[in-house]
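Asker:
Next comes the structure, spelled out in structure tokens:
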């Protein structure tokens, strides 16, 4: 079936006893055994829960993987995943990473003896040159957060296979609706399910999907041992949100394309980052590996002094962290999502003090643009007065 159908049907026909169309929520933490040495397949909910299993099977199916895993947050998922590495291991990562991932790599994993080289993963020659004898994996965001840099997933996966490395792709921005990294050669794909997959800013979730069973067994052991699993109520919310993913992603993308085109022409905006723009670096590579552009964009304004007035002046748009919900959200990466990255490092990657990240919602695009217009006008006046 097409992905739209698989999304809409998620969780259906999972309760043959009653025929309930909406997936039951199994709040039980423990399950009775039919007899000594026998199990229904469910023993203790940290290990396996019927509601969570449906979510995990659904995301594995959508990403064309063998096994899926649901965690209490996106960072819990990444933290658990990194437990497959050992002291002395080396990783290669996109240099324009989400700040939380960078914090984990630099402040926790480095202390444990796991080091990371950051580079433009769109430069395949640089990726291959960074491989060391102790390198174990290439960690990719594409598009990156927040400057939307593009990486050739197939190209990185080919390098990884050449040297016996894992290819890990954070697919949060694109979702399996627009991009499926495992089909392009990646070994592991992960999501902050909090974002587009949940879609309503009401559930915290992380998801991992693996390509082969051996990796699946490793992740299952780690998930069960560490125990940062997603509760059944949140699993149900995730499945409910994912049912409308196809519709939402199309609207997010449609609005983002219109907003990006408007921002490009605005005199107070000096740079717009959106893969759907004709001059976006890496657009050709992106279009070969993805079916769309999603709803994320970033833009730089002419003067750093405009940032505070813009954030204070938006009315319909909400100044808040996170992304991917139906509501439009605007974020200041330098002070929020990427604050833990040293200023000189993040600015070298393009995350300047003039950059705003915009998660374009599903409201009417004219209302979004009108709100941006009045906020930019208010900011221009404020900058002039200063």
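Numbering (my numbering), first residue to last: 217 to 602.
The beta carbon of each residue, even a glycine, is placed where N, CA and C say it ideally should be.
#1: Between the segment 292 to 306 and the segment 270 to 278, do three or more beta carbon pairs fall short of 8 Å?
#2: Bridge partners of residue 293, per DSSP?
#3: Please report the residue range of the beta strand (DSSP E) in which residue 489 lies.
#4: Using the beta-carbon count (16 or more within 10 Å), is residue 446 buried or exposed?
#5: Using C-beta distances below 7 Å, list every residue in its chain close to residue 440, excluding the 5 sequence neighbours before and after it, in chain order.
#6: With distances taken between CB atoms, is the gap from residue 265 to residue 249 smaller than 7 Å?
#7: Suppose contacts are defined by Cβ-Cβ distances below 7 Å. Is residue 246 in contact with residue 452 by that definition?
#8: Does the ligand COA have even one heavy atom less than 6 Å from the beta-carbon of residue 307?
#9: Of the choices 230, 270, 278, whose alpha-carbon is the least far from that of residue 462?
#10: Quick one: which unbroken beta strand (DSSP E) runs of 3-plus residues sit fully inside the segment 437 to 496? Chain order, please.
#11: Is residue 403 near residue 382, with beta carbons less than 7 Å apart?
#12: So what's residue 345 in DSSP terms, helix, strand or just coil?
#13: On the DSSP bridge list, what partners appear for residue 512?
#14: Beta strand (DSSP E) containing residue 284: first to last residue?
#15: Within the same chain, show all residues whose beta-carbon is closer than 6 Å to that of residue 536, passing over the 5 residues directly before and after it, in chain order.
#16: Quick one: is residue 601 buried, meaning 16 or more other Cβ sit within 10 Å of its Cβ, or exposed?
#17: Taking buried to mean at least 16 other C-beta atoms within 10 Å of its own C-beta, is residue 418 buried or exposed?
#18: With residue 563 as the anchor, note down where its alpha helix (DSSP H) starts and where it stops.
#19: With H, G and I counted as helix, E and B as strand and the rest as coil, what does DSSP make of residue 393?
#20: Which residue from 327, 585, 522, 449 puts its Cα closest to that of residue 472?
#21: Taking contact to mean at least 3 C-beta pairs separated by less than 8 Å, is the segment 495 to 508 in contact with the segment 356 to 370?
#22: Which residues does DSSP pair with residue 425 in a beta bridge?
#23: Going by beta carbon distance, what residues of the same chain come within less than 7 Å of residue 346, once the five residues before and after it are set aside?
#24: Cβ atoms of residue 239 and residue 230: under 7 Å apart, would you say?
#25: Taking the alpha-carbon positions, what's the residue 428 to residue 354 distance?
#26: So, helix, strand or coil for residue 309, using DSSP?
#27: If you compare alpha carbons, which of 400, 464, 443, 432 is closest to residue 416?
#28: Tell me the rounded alpha-carbon separation between residue 579 and residue 356.
#29: Among 324, 516, 481, 378, which residue has its Cα nearest to the Cα of residue 352?
#30: Can you give the beta carbon distance from residue 489 to residue 514, rounded, assuming they're within the 8 Å contact cut?
#31: Might you give, ordered along the chain, the residues of its own chain that have their beta carbon closer than 8 Å to the beta carbon of residue 493, omitting 5 neighbours on each side?
#32: Which residues mark the beginning and the end of the alpha helix (DSSP H) in which residue 528 is found?
#33: From the DSSP output, read off the bridge partner residues of residue 270.
#34: Can you round the beta-carbon distance between residue 572 and residue 533 to whole angstroms, since I take them to be within the 8 Å contact cut?
#35: What's the C-alpha gap between residue 392 and residue 255?
#36: Check residue 298 in the structure and name its three-state DSSP category.
Answerer: Checking against the coordinates, here is how it stands:
#1: no
#2: None, per the DSSP bridge assignment.
#3: 485 to 489
#4: buried
#5: 262, 263
#6: no
#7: no
#8: You won't find the ligand COA in this model; it holds no ligand whatsoever.
#9: 278
#10: 485 to 489
#11: yes
#12: helix
#13: 575
#14: 283 to 287
#15: 545
#16: Its pLDDT being 47, under 50, residue 601 is placed unreliably by the model, and the measurement read from it follows with that caveat. Classification of residue 601: exposed, given that the 10 Å Cβ count is below 16.
#17: exposed
#18: 559 to 564
#19: helix
#20: 585
#21: yes
#22: 284, 405
#23: 308, 333, 335
#24: yes
#25: 17 Å
#26: strand
#27: 464
#28: 31 Å
#29: 378
#30: 4 Å
#31: 476, 477, 480, 499
#32: 523 to 529
#33: DSSP output for residue 270 lists no bridge partner at all.
#34: So it is not a contact: roughly 10 Å between Cβ atoms.
#35: 34 Å
#36: helix
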